[in-house]
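Student: This structure is in structure tokens; I'll ask about it shortly.
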Amino acid sequence: MGVENTTPAPYEALDRETVSLKYVYDIIMDKMKVERRPVAITFCEDAPPEGYEALNEPACTLIKEGSSGRKVYVDSSNNACFVGLYHTGMHPGMDMIKDGSYLTMSQGMFTAEGARINKETTPNLPQGQYKAIAAAPLNEVPEGVPVHLLVVICDPQRAMMISGAALARAGSLPFGEVGWSVCSSLYALPFHNRRSIFTIGDGGGRIHNSLKPSELFAVVPAKDMKYIIEMIENFAINAVDMRKEVMPGVYARMRHAGPPPGVSQNS
13 MGVENTTPAP YEALDRETVS LKYVYDIIMD KMKVERRPVA ITFCEDAPPE
63 GYEALNEPAC TLIKEGSSGR KVYVDSSNNA CFVGLYHTGM HPGMDMIKDG
113 SYLTMSQGMF TAEGARINKE TTPNLPQGQY KAIAAAPLNE VPEGVPVHLL
163 VVICDPQRAM MISGAALARA GSLPFGEVGW SVCSSLYALP FHNRRSIFTI
213 GDGGGRIHNS LKPSELFAVV PAKDMKYIIE MIENFAINAV DMRKEVMPGV
263 YARMRHAGPP PGVSQNS
């Protein structure tokens, strides 16, 4: 499933001396024309960043609130959603969360077996690893506050570009996910596989973040954010010559001079 069994080292923070948050923000908003503001996620081993306000909402809602312009955090004192706190390592989890029975209680399509396997396979942050998770607009993260993840709510085409930048530049295949709790997908999954991710999220996570049917989440770890810059700075599409070699049937139907290889002018 793309998740390692061993516990990785703590999240790596972005080197803000070499990657400008404002530049990445401008690329996403102005070059890619994404509608919602990209969000910077900070995992706090101690206290939340100064100036961030406590959010008494499910942890997944950090994305919506950060995109709206707020600097917010959740910690273990939050009781808005114990499922999210369990998956982010800030709550030990009740039995009904661990065995998935809360899913069968609320959603008739889940069998007990389906819910159990769903929860058994869902990756979590290690219990107690982080005391809080904070979010802010990418271009408004205060100096000295580390950035560990970038999260963008967008359409699939832009998600393909954002989460796929590391594939284009370094060969790191993004991970596509559907079915787990969105707090796990957003915060725990990249901790374990250290790859960019795209996910539609779960029903509750989509509702709490007011996603349109056409939107999903793109998640980029700190180490991959530079590839968004590289991709856009080197962005060029000139597929004619490629099609001539590997797509001769398509090439033959294009408006251009000359037939594809192996095809005579009179064919």
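Just so it is clear: in the sequence shown, position 226 is 238 by our numbering, and no numbers are missing.
Cβ atoms here follow ideal geometry from the backbone N, Cα and C, with glycine treated the same way.
#1: Using the DSSP secondary-structure output, state which residues sit across from A147 in a beta bridge.
#2: Is the segment 188-207 close to the segment 124-137, with three or more CB pairs under 8 Å?
#3: Determine the closest residue to I219 out of L67, C72, V31, A59, with distance taken between C-alpha atoms.
#4: Excluding five sequence neighbours on each side, which residues of the same chain lie with their C-beta closer than 6 Å to the C-beta of E125?
#5: Using three-state DSSP, classify P260 as helix, strand or coil.
#6: Looking only at C-alpha atoms, which of A177, R181, A171 sits nearest to E189?
#7: Mind the definition here: the segment 55-63 touches the segment 171-184 only if three or more C-beta pairs lie below 8 Å; say whether that holds.
#8: Is A92 helix, strand or coil when you go by DSSP?
#9: Using C-beta distances below 6 Å, list every residue in its chain close to P148, excluding the 5 sequence neighbours before and after it, in chain order.
#10: Out of P225, Y85, V232, which has the shortest C-alpha to C-alpha gap to F203?
#11: For V163, which beta-bridge partners are listed by DSSP?
#12: Within its chain, find whatever has a CB closer than 6 Å to the CB of D236; leave out the 5 residues flanking it on each side and keep chain order.
#13: Roughly how many angstroms separate the alpha carbons of R265 and M243, rounded to a whole number?
#14: Which first and last residues belong to the beta strand (DSSP E) in which G126 is found?
#15: Going by alpha carbons, who is nearest to V157 out of P61, M44, R48?
#16: Assign M254 to one of two classes, buried (16 or more other C-beta atoms within 10 Å of its C-beta) or exposed (fewer than that).
#17: Please list, in chain order, all residues of the same chain as S279 whose beta carbon is under 6 Å from its beta carbon, the five residues on each side excluded.
#18: Of the residues S80, K143, N250, which one's Cα is nearest the Cα of Y98?
#19: Would S175 and P168 qualify as a contact pair, given that the criterion is a beta-carbon distance under 8 Å?
#20: To the nearest angstrom, report how far apart I240 and R206 are at their CA atoms.
#21: From the DSSP output, in three-state form, read off A180 for me.
#22: Are the Cβ atoms of F229 and V159 separated by less than 8 Å?
#23: Using a Cβ-Cβ cutoff of less than 8 Å, which residues in the same chain neighbour D107 once the five nearest sequence positions on both sides are dropped?
#24: What does the Cβ neighbour count give for T100, buried or exposed, with the cut at 16 atoms within 10 Å?
#25: Is the beta carbon of Y280 less than 8 Å from the beta carbon of L150?
#26: With 16 other CB atoms within 10 Å as the buried threshold, where does V95 fall?
#27: What's the gap between the Cα of Y35 and the Cα of I145?
Tutor: With the structure as the only source:
#1: I53, V84
#2: yes
#3: C72
#4: none
#5: helix
#6: A171
#7: no
#8: coil
#9: Strictly speaking, residue 148 in this sequence is Ala, with Pro absent from that position. Around A148: A52, G78, K83.
#10: V232
#11: V51, V231
#12: A178, S208
#13: 30 Å
#14: Unbroken run through G126 is the alpha helix (DSSP H), 124-133; no beta strand (DSSP E).
#15: Across the set P61, M44, R48, the C-alpha of P61 shows the shortest separation from the C-alpha of V157.
#16: exposed
#17: Unreliable placement is indicated for S279, whose pLDDT of 44 sits below 50; no coordinate value is reported for it.
#18: K143
#19: no
#20: 16 Å
#21: Correct three-state label for A180: helix.
#22: no
#23: The residues are S113.
#24: buried
#25: Since the first residue shown for the chain is 13 and the last is 279, residue 280 is missing from the structure and cannot be characterised.
#26: So V95 ends up on the buried side.
#27: Computed Cα separation, rounded: 24 Å.
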